[in-house]
Amino acid sequence: MSQHAVLDSATHRDLRVRMEPGEELGDKVMSCIAVPNEFRQVQAHFPILFHKDQATGNFNAVALFGFENGENLFLNDGEWDAGYRPLALSIQPFLIGRGRDGDAPSQVHIDMEHARTGDPDGVRLFDDAGQATPYLEDVANKLGKLDAGYRASEGFFAALKRWDLLEHFTLDVTLNDGAKRSLVGFHILNEDKVRQLDGAALGELQEAGYLMPMFMALASLSHITELVARKNVREVHA
178 MSQHAVLDSA THRDLRVRME PGEELGDKVM SCIAVPNEFR QVQAHFPILF HKDQATGNFN
238 AVALFGFENG ENLFLNDGEW DAGYRPLALS IQPFLIGRGR DGDAPSQVHI DMEHARTGDP
298 DGVRLFDDAG QATPYLEDVA NKLGKLDAGY RASEGFFAAL KRWDLLEHFT LDVTLNDGAK
358 RSLVGFHILN EDKVRQLDGA ALGELQEAGY LMPMFMALAS LSHITELVAR KNVREVHA
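Under our numbering, think of the first position of the sequence shown as 178, with each following residue one higher.
Next up, the structure:
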């Protein structure tokens, strides 16, 4: 269960948080949300796929870490084996909170029941004077980027829908030991349709700032082969 609280220096002056990667700390996941304004960083290490919420019809993007639920091929003995951690993972156990008025200033919330929260060996959030530590300042900066990415995502996915640029994606993988794995339930950008966009469409997408994340998502698919290689290595040492 989650227990969200507004973070403040009076109540949480001595609170500490674990910041290192770890299976028991919430990193044992096959994917996490990625937002378009971080696609450049994400595509350097992970495939970017798109997932459709069947209840709402809305899409979101994810950075792919594995082929099965609970599998993260970039997490090795508590070490993160990539040069980037997506924002949605790196800000845990914090989140953005808002009042009922959507225009109200955002607040930093913390999940008091998260595995990272309250460990005496963790990192302090506030110093003795009640000022935010460099760690908390970094988290707040990442929360701001993630929040901005969420807000911009609606227009980005609306444009992809408008031009019908997403297609179903299924991946069947045969590992070196003969075992088979299937990845279903995702979408990718249809590269042929992207290539066929006319000047007006390209101009509209460029003006909105959507072309770059589209290209980054397409480029990221080259990492699927690397992900299969990681899976093969993991199976050998299992």
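For every residue, glycine included, the Cβ atom is placed at its ideal position computed from N, Cα and C. Everything numeric in this text was worked out from a predicted model, so none of it was measured.
Spatial distance of residue i from residue j (CA atoms)
i: phenylalanine 333; j: isoleucine 273; result: 21 Å
i: glycine 376; j: methionine 391; result: 16 Å
i: asparagine 374; j: leucine 343; result: Residue identity differs from the one stated: residue 374 is leucine in this sequence, not asparagine. Roughly 13 Å between the two C-alpha positions.
i: aspartate 324; j: glycine 355; result: 43 Å
i: arginine 328; j: asparagine 237; result: 12 Å
i: methionine 207; j: leucine 264; result: 15 Å
i: serine 179; j: glycine 380; result: 44 Å
i: asparagine 246; j: glutamate 197; result: 21 Å
i: glycine 299; j: arginine 195; result: 4 Å
i: lysine 205; j: glutamate 248; result: 6 Å
i: tyrosine 261; j: alanine 240; result: 11 Å
i: phenylalanine 251; j: phenylalanine 242; result: 6 Å
i: threonine 402; j: glutamate 368; result: 18 Å
i: glutamine 220; j: leucine 302; result: 31 Å
i: tyrosine 312; j: arginine 293; result: 14 Å
i: tryptophan 257; j: serine 359; result: 25 Å
i: glutamate 412; j: leucine 266; result: 25 Å
i: glycine 199; j: alanine 378; result: 44 Å
Nearest to residue i (by Cα), restricted to the options the options
i: alanine 309; options: Met178, Asp185 and Leu360; result: Asp185
i: glycine 255; options: Ser208, Glu201 and Gly299; result: Glu201
i: alanine 482; options: Pro297, Leu337 and Ser283; result: Nothing about residue 482 can be reported from this structure: the residues present for the chain run from 178 to 415 only.
i: alanine 317; options: Ser330, Asn367 and Ser283; result: Ser283
i: glutamine 404; options: Gly203, Met393 and Asp349; result: The sequence shown places leucine at residue 404, not glutamine. Comparing Cα-Cα distances from leucine 404 to each of Gly203, Met393 and Asp349, the minimum goes to Asp349.
i: lysine 408; options: Trp340, Phe271 and Asn253; result: Asn253
Residue i: CB within 7 Å of a non-hydrogen atom of the ligand ZN
i: glutamate 384; result: In terms of ligand content, the structure shown is empty, and the ligand ZN therefore cannot be addressed.
Three-state class that DSSP yields for residue i in the structure shown
i: histidine 345; result: strand
i: glutamine 284; result: strand
i: lysine 408; result: helix
i: alanine 325; result: helix
i: lysine 229; result: strand
i: glycine 274; result: strand
i: threonine 310; result: coil
i: phenylalanine 242; result: coil
Integer Cβ distance of residue i from residue j, believed to fall under 8 Å
i: histidine 181; j: histidine 345; result: About 35 Å separates the two Cβ atoms, so there is no contact after all.
i: leucine 320; j: isoleucine 268; result: 5 Å
i: valine 361; j: threonine 351; result: Valine 361 to threonine 351, Cβ: 16 Å. No contact.
CB contact below 8 Å: residue i versus chain D
i: alanine 378; result: The displayed structure is made up of one protein chain only, and chain D is not part of it.
At least three beta-carbon pairs within less than 8 Å, the stretch 392–402 to the stretch 216–231: yes
The stretch 206–216 touching the stretch 295–307, judged by at least three CB pairs closer than 8 Å: no
Cβ contact (3+ pairs, closer than 8 Å) linking the stretch 179–193 and the stretch 205–212: no
Validate contact between the stretch 189–196 and the stretch 227–239 using beta carbons, cut 8 Å, 3 pairs: no
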